[in-house]
Structures are given as C-alpha cells and as structure tokens.
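In the working numbering, the protein residues as written are 18 to 110.
In what follows, a single structure is set out as structure tokens and then discussed.
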Amino acid sequence: MRSTRNHWSLEGLAKLIHPVVRGWLNYYGRFYRTECVQVLRHVNDAIARWARRKYKRLKGRKIASVYWLGRLARRDPNLLYLWRIGIRPAAGR
C-alpha cells in the first residue's frame, strides 16, 4: 500500500484489497493453503503500517498499532475478508 492512501478510511481500504485477497486465497489456497495463510498475514502487517502513518497516536508504536488492529478485528470481524476466514492480527486476539 502506498503512503498516498493515508487519507483513505479503513473501510475504503478494505474495499480496495478485498478482491485481491479473495483472488489470492481462491487460487493459491487450493494448492498450498498453509503457505498462502502465512503470506496473507503480511496484509495485516501492511494495514498496521498504514495505521501508523495515518494516526498520530500510533506513529512509531509498532506493537500498539498491531494491538489496535487486533481490537478492531475483534470488534468488527466482517470488515476484512482476511478476518472473516480467520486470519486475524497476531496481537489483541
């Protein structure tokens, strides 16, 4: 995700990455699902990096941004397709 998308809301970002993630899982998940899940966990990391750039209180706080994302995943598990299928952030479960 490029830094030029800092003005986007998380919902807008979710709509942007939803078809890509779904396509990856449909295609690669058939042959090597465990590796696909490991790769898709990086999407959660990228969203945490996006949050650190967007929100001042998370800037420079890597662990806090992952916990923030985990709390968000617990509160709204249907926001991202990743979270719906069970690939949630490592912290804040």
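In this text, a Cβ means the ideal position worked out from N, Cα and C, and glycines have one as well.
Contact under 8 Å by Cβ, residue i with residue j
i, j, result
"Leu99", "Val56", "no"
"Trp85", "Leu96", "no"
"Val83", "Ala65", "yes"
"Pro106", "Asn43", "no"
"Cys53", "Trp41", "yes"
Unbroken alpha helix (DSSP H) run spanning residue i, endpoints
i, result
"Ser82", "79 to 92"
"Tyr49", "No alpha helix (DSSP H) contains Tyr49, which DSSP labels as neither H nor E."
"Tyr98", "98 to 101"
Rounded C-alpha distance that separates residue i from residue j
i, j, result
"Gly46", "Gly103", "14 Å"
"Tyr49", "Ala81", "32 Å"
"Ala108", "Pro94", "15 Å"
"Arg70", "Lys32", "19 Å"
"Leu30", "Thr51", "25 Å"
"His35", "Trp25", "15 Å"
Buried/exposed call for residue i, threshold 16 Cβ in 10 Å
i, result
"Gly77", "exposed"
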